[in-house]
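Quick note on this note's numbering: the sequence shown kicks off at 27 and runs consecutively.
By construction, the Cβ of each residue, glycine as well, lies at the ideal position given by its N, Cα and C atoms.
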Amino acid sequence: MTNKLKLIAGNWKMNGGLVANEALVRAIAQGMAGASCTVAVCVPAPYLHQVNQLRAGTPIELGAQDVSRHEQGAFTGEVSAPMLREFGVRYAIVGHSERRQYHGETDELVAEKAKTALAHGVTPIVCVGETLAEREAGRTQDVVKRQLAAVIHTNGHCISEIVVAYEPVWAIGTGKTATPEQAQEVHALLRAQLKAATPHPERIHILYGGSMNAGNAAALLAQPDIDGGLIGGASLKAPDFLQIIAAASAAAK
Ligand code: PEP
């Protein structure tokens with residue numbers, strides 16, 4: 027059990043636009059007054075500058091959805107951690123299942139991305155999670171432990187500075203959520219793995235992600251090892267996102 031503030035991070039994925047972003051950020055800022063949790067929005071790279079300006083004077087933190095393993099140079103299309111820092115970015119998602127699946131990202135690459143982010147003051151939100159086939163084959167624990175082990179191996183004692191997101195692939199964007207018990211079981215496993223790797227495991231937020239919404243957030247966030255959420259679809263609708271923020275605030279009390 028941890029008593030740190032929960033972290034609620036929205037993953038906008040490849041959604042948004044100048045007009046819609048402004049309305050969404052303003053509505054979140056207005057609606058979250060008095061919230062007792064940390065709130066971040068991870069926006070598409072072209073909108074970092076806009077959202078960084080919109081969030082000025084609000085408690086909203088800014089996140090990116092990916093970061094290069096390289097610091098600079100001939101890597102067309104990539105965005106570096108130092109560039110993200112210039113736009114006020116505090117978090118970068120790494121190893122989202124959509125990047126592992128559609129862009130062939132390996133455990134090693136994800137671990138390198140986490141390392142580069144950390145070296146430049148950007149907190150990586152490291153995503154791990156099993157596919158439906160892996161869960162049905164009884165391989166959930168092996169898969170998530172392997173994914174996290176690569177990040178621990180590459181990052182050594184810095185591991186206490188990361189955020190972990192358990193995102194079962196079968197629950198992302200499908201409307202199928204892990205039950206609170208299913209999620210807690212994996213979170214406890216990840217917590218134990220982190221405890222063996224760092225003297226400061228209590229610093230690490232372990233988020234749940236996968237169809238978290240206004241209706242199921244409270245039960246998930248009540249679990250002892252669920253320190254927050256990584257929210258896709260529901261983060262695009264201010265009322266839904268705000269209800270999740272309210273559930274996270276209530277869980278902290
Ligand atoms: C995600 O993409 O990280 C995610 C959790 O998506 P959704 O909430 O839409 O399942």
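What whole-angstrom Cβ distance do residue i and residue j have, given they're in contact under 8 Å?
i      : j      : result
PRO150 : VAL105 : That pair is no contact at about 14 Å.
VAL115 : LEU88  : 5 Å
THR84  : LEU33  : 16 Å between Cβ atoms; not a contact.
ARG95  : LEU135 : 6 Å
TYR117 : CYS153 : The pair is not a contact, with the Cβ atoms about 12 Å apart (cut-off 8 Å).
TYR73  : ASN47  : 6 Å
VAL177 : ALA240 : Rounded, the Cβ-Cβ distance is 31 Å, inconsistent with contact.
GLY199 : GLY147 : Their Cβ separation, rounded to whole angstroms, is 31 Å, which puts GLY199 and GLY147 out of contact at 8 Å.
Any idea what DSSP makes of residue i, helix, strand or coil?
i      : result
GLY130 : coil
GLY34  : Looking at the sequence provided, one finds Ile at residue 34 rather than Gly. Looking at ILE34 - three-state DSSP - the assignment turns out to be strand.
CYS184 : helix
THR149 : strand
GLU257 : In the sequence on display, residue 257 carries Ile and not Glu. Strand at ILE257.
ALA264 : helix
ALA143 : helix
GLY103 : coil
ILE270 : helix
VAL15  : Residue 15 lies beyond the stretch modelled for the chain, which goes from 27 to 279, so this question has no answer here.
MET27  : Its pLDDT being 46, under 50, MET27 is placed unreliably by the model, and the measurement read from it follows with that caveat. Coil.
ILE178 : helix
ALA191 : strand
GLY57  : helix
ASP168 : helix
ARG125 : helix
GLU97  : coil
When every heavy atom of ligand 1 is checked, does at least one fall within less than 8 Å of the C-beta of residue i?
i      : result
MET238 : yes
ALA197 : yes
THR200 : yes
GLY259 : yes
HIS213 : no
GLY99  : no
HIS226 : no
ALA273 : no
GLY83  : no
ALA90  : no
ASP183 : The sequence as given places His at residue 183; Asp does not occur at that position. For ligand 1, not one heavy atom lies less than 8 Å from the Cβ of HIS183.
LEU256 : yes
GLU193 : yes
HIS122 : yes
ASN41  : no
ASN242 : no
ASN47  : no
ASN78  : no
Per the DSSP calculation, residue i is bridged to which residue(s)?
i      : result
TYR117 : GLY89 and THR149
CYS68  : ASN37 and GLY89
ALA276 : ALA276 pairs with nothing; no bridge assigned.
GLY235 : LEU256
When you compare the CB of residue i with every CB in chain C, is at least one pair closer than 9 Å?
i     : result
CYS68 : Of the protein chains in the structure, only one exists, and it is not chain C.
Cβ contact check for the segment 218-236 and the segment 193-208: 3 or more pairs under 8 Å = Inter-segment contact for the segment 218-236 and the segment 193-208 is present: three or more beta-carbon pairs are separated by less than 8 Å.
Give a yes or no on contact between the segment 179-188 and the segment 263-278, applying the rule of three or more CB pairs nearer than 8 Å.
-> Under the 8 Å Cβ criterion, the segment 179-188 does not count as touching the segment 263-278, having fewer than three qualifying pairs.
Between the segment 165-172 and the segment 221-234, do at least 3 Cβ pairs fall closer than 8 Å?
-> By the Cβ test, the segment 165-172 is not in contact with the segment 221-234, since fewer than three Cβ pairs between them sit closer than 8 Å.
Could you tell me whether the segment 173-182 touches the segment 206-214, where touching means 3 or more Cβ pairs closer than 8 Å?
-> In short, these stretches do not touch, since the Cβ pair count stays below three.
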